Amino acid sequence: MRRPAPTRATGIPARADPISPVLHHPNAPRHHHPEAPAPGRRSLMSTTTAPETAIQPGDLKEREPRGYTPRYALASFGLFLAILAPVLGGLSVKIQSLVGLADAPTQLGLVSGVGALFALVSQPLAGRLSDRTTSRFGMRKPWIISGVVLTFVSLVGVGLAPNIPVLLIAWCGAQLFSNFAQAAETATIPDQVPEHRRGRVSGLIGAASPLAILVGAIGLNFLPTDALRASVPAFIGLVFGLLFALMLKDRVLTTKPGPFSFKEFFSSFVFNPRTHKNLGWAWLTKAMIMFGYASISSYLTLFLAADFGMTKPSEQLQFNLYANIVSVVFMVVVSIVAGRMSDRLGRRRAFVTTGGIVLGFGVLILAIAPALGIGTGLVLILVAEGFIGIGGGLFFAVDTALCVDVLPNPNDSAKDLGVLNIANTLPQTIAPFVAGTVVIPLGNALFGSAGYSLWFGVGAAVAIVGGLLVLKIKGVK
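Below is the structure:
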């Protein structure tokens, strides 16, 4: 999932439609809305009784609601933990136990890639449905609750799966439902947080991911079975997700949206990069930097087994813990500091650009580590994780705020965020297939046992170029 990593509140022109959806916030000034539908039966996608108050998107207070930010950070942490614990090594160890080390890279690529494909589809679909939801409980809350509950059920299935087909089905469910929850959670940011405070919120989100990595890595070492490695992190994600959703003062859509057509569904996956150039560049740069990050997330344990002789899962998970401690310490500190500095300086691009370049440099160090022998190579892996932590901290802390700043339409915030989140999930779809079926086998065939080094070199190059392309985004400092 991974990382892991939100429309503008002001300065965006209203939709050209003569009647646009009206949003209700519990703390909004009270006034009557004449076009509200009559009371009747309520459902997620049906018209609700008109609330007595309504505000337009963008009418935000100077600060987000009290308690919103820490609860959001906990929900993000929990969801990241639930999905990243398998990605960090739980899934690869599970697959090794089912098919053996020799077939593990290919099967890991299959399970991870197909699962990420489900995530790719679910993000924009979830955004569309969330933007159209007229439940009296809110636009986002129903999807968060159902998402975290079904994610927990799916991850229990991952831990108990007796073979690859069952594991594949369970993991696809986990990716599908977790992305429904994440899309709705992320959409609460433009709903609740004014523009000048989004860097702080984004920084806390950036810190949630590395903390989840650290806690997940520790848990993998101390939880003795595959079932516990999957279900315990999932339960924590369930609890924090429900806490956030149940205490959220959600916005309510008070006008009935038009029919939901297949054309509208497929439009959830696309936008016109000529019309919205900034959104296009933000999408491309995010995808490229995430590709570099995805190049290491699933394959570090197999890299240790193939190039450093760590064939026992306990050895892989233990060193993986050390590596993640180094990465997380840097990432947490940098995320918090960078988010605040971004708000104070009023700048986004410099942080994201530097983050992509530094992250790519760290991945490049991984590529050369095996050439220097086991002892020195293992030290270099820890050094590489430090650079990856710094770069990831800069990127994840400010990227969310940058994406919010370039969204074009306040009435389609969740849909547009879903499109941008494709840039998170698409690399996770492509990377495992490319690594397991093309680059790693090609590297092993051409250079002996250098398949993983070639793969990390590719990931480093893509991340660095992605960081440089952030400078193409205009209108945002």
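Residue 477 is where the sequence shown ends in UniProt numbering, and the numbering goes up by one at each step.
Glycine is no exception: its CB is placed at the ideal position from the N, C-alpha and C atoms.
Note that the structure is a prediction, hence the values are computed from the model and not measured.
Residue closest to residue 113, alpha-carbon to alpha-carbon, out of 216, 294, 283 and 219: Distances from the alpha-carbon of residue 113 to those of 216, 294, 283 and 219 put 294 closest.
Going by Cα to Cα distance, which pick from 90, 98, 68 and 467 is closest to residue 283? Checking every option, the nearest Cα to that of residue 283 belongs to 467.
Anticipated Cβ contact below 8 Å, residue 451 with residue 440, distance rounded: Separation of the CB atoms of residue 451 and residue 440 is rounded to 4 Å, and the pair is thereby assigned contact status at 8 Å.
Count Cβ pairs between the region 362-373 and the region 336-351 that sit closer than 8 Å; are there 3 or more? No, the region 362-373 does not touch the region 336-351.
Identify every run of the beta strand (DSSP E) within the region 364-413, keeping only runs that are complete inside it and at least 3 residues long; order them along the chain. For the region 364-413, not a single whole beta strand (DSSP E) run of length 3 or above is found.
Helix, strand or coil: which one does DSSP assign to residue 50? Its pLDDT being 36, under 50, residue 50 is placed unreliably in this model, and the coordinates cannot settle the point.
Quick check: the region 201-221 against the region 73-81, are there 3 or more CB pairs under 8 Å? In short, these stretches touch, since the Cβ pair count reaches three.
In three-state DSSP terms, what is residue 223? Coil at residue 223, not helix or strand.
C-alpha gap between residue 236 and residue 274, whole angstroms: Here the C-alpha atom of residue 236 lies approximately 42 Å from the C-alpha atom of residue 274.
Just the Cα atoms here: how many angstroms apart are residue 66 and residue 335? Their Cα atoms are separated by approximately 22 Å.
Under a Cβ-count criterion, where at least 16 other Cβ atoms within 10 Å of its own Cβ denotes burial, should residue 226 be classed as buried or exposed? Buried, because 16 or more other Cβ atoms sit within 10 Å of the Cβ of residue 226.
Under DSSP, the alpha helix (DSSP H) around residue 169 begins and ends at which residues? Boundaries of the alpha helix (DSSP H) harbouring residue 169: 164-192, taken from the DSSP string.
When the Cα atoms are used, what is the spatial distance from residue 375 to residue 309? C-alpha separation (whole angstroms): 12 Å.
Take the Cβ of residue 352 as the centre, count every other Cβ of all protein chains shown within 10 Å, and call the residue buried at 16 or more, exposed below. In this structure residue 352 is buried. Its beta-carbon is surrounded by 16 or more other beta-carbon atoms within 10 angstroms.
Just the C-alpha distance for residue 43 and residue 133, rounded to the nearest angstrom, thanks. Note that residue 43 scores a pLDDT of 39, beneath 50, so its modelled location is shaky; the value from the coordinates is reported in the next line. Their backbone Cα atoms lie some 8 Å apart in a straight line.
Taking the C-alpha atoms as reference points, what is the distance between residue 312 and residue 263? A straight-line Cα-Cα distance of about 50 Å links residue 312 and residue 263.
From residue 182 to residue 201, what does the alpha carbon distance come to, in whole angstroms? Those two C-alpha atoms are separated by around 15 Å.
Specify whether the region 184-196 and the region 313-332 touch according to this definition: at least 3 beta carbon pairs, one from each stretch, less than 8 Å apart. Output reads no: the region 313-332 does not touch the region 184-196.
For residue 358, is the classification buried or exposed, using 16 other Cβ atoms within 10 angstroms of its Cβ as the cut-off for buried? It is buried - the Cβ of residue 358 has at least 16 other Cβ atoms within 10 Å.
Among 128, 90 and 428, which has the Cα closest to the Cα of residue 259? Nearest option by C-alpha distance: 128.
Simplified DSSP assignment, three categories, for residue 243: Residue state, collapsed to three classes: helix.
Say yes only if the C-beta of residue 147 is nearer than 7 Å to one or more non-hydrogen atoms of the ligand FAD, and no if none qualify. Here there are no bound small molecules, and the ligand FAD is not part of this structure.
Going along the chain, which residues of its own chain have a beta-carbon closer than 6 Å to the beta-carbon of residue 385, five neighbours each way excluded? Correct list, in chain order: 323, 326 and 327.
Residue 105, DSSP secondary structure in three states: Residue 105 falls in the helix class under three-state DSSP.
Check whether residue 95 and residue 84 have beta carbons under 8 Å apart: Contact flag unset, no.
Complete alpha helix (DSSP H) runs within the region 268-328 (minimum length 4 residues, chain order): Listed in chain order, the complete alpha helix (DSSP H) runs (minimum 4 residues) inside the region 268-328 are 277-297 and 300-308.
What's the call for residue 222, buried or exposed, on a 16-neighbour Cβ count within 10 Å? With fewer than 16 Cβ atoms within 10 Å of its Cβ, residue 222 is classed as exposed.
Option nearest residue 388 by Cα separation, candidates 330, 423 and 403: The option with the nearest alpha carbon to residue 388 is 330.
Relative to the alpha-carbon of residue 288, which residue among 424, 408 and 391 has its alpha-carbon at the smallest distance? Per the Cα distances, 424.
Kindly indicate which three-state DSSP category residue 354 falls into: helix, strand or coil? Note: residue 354 maps to helix in three-state DSSP.
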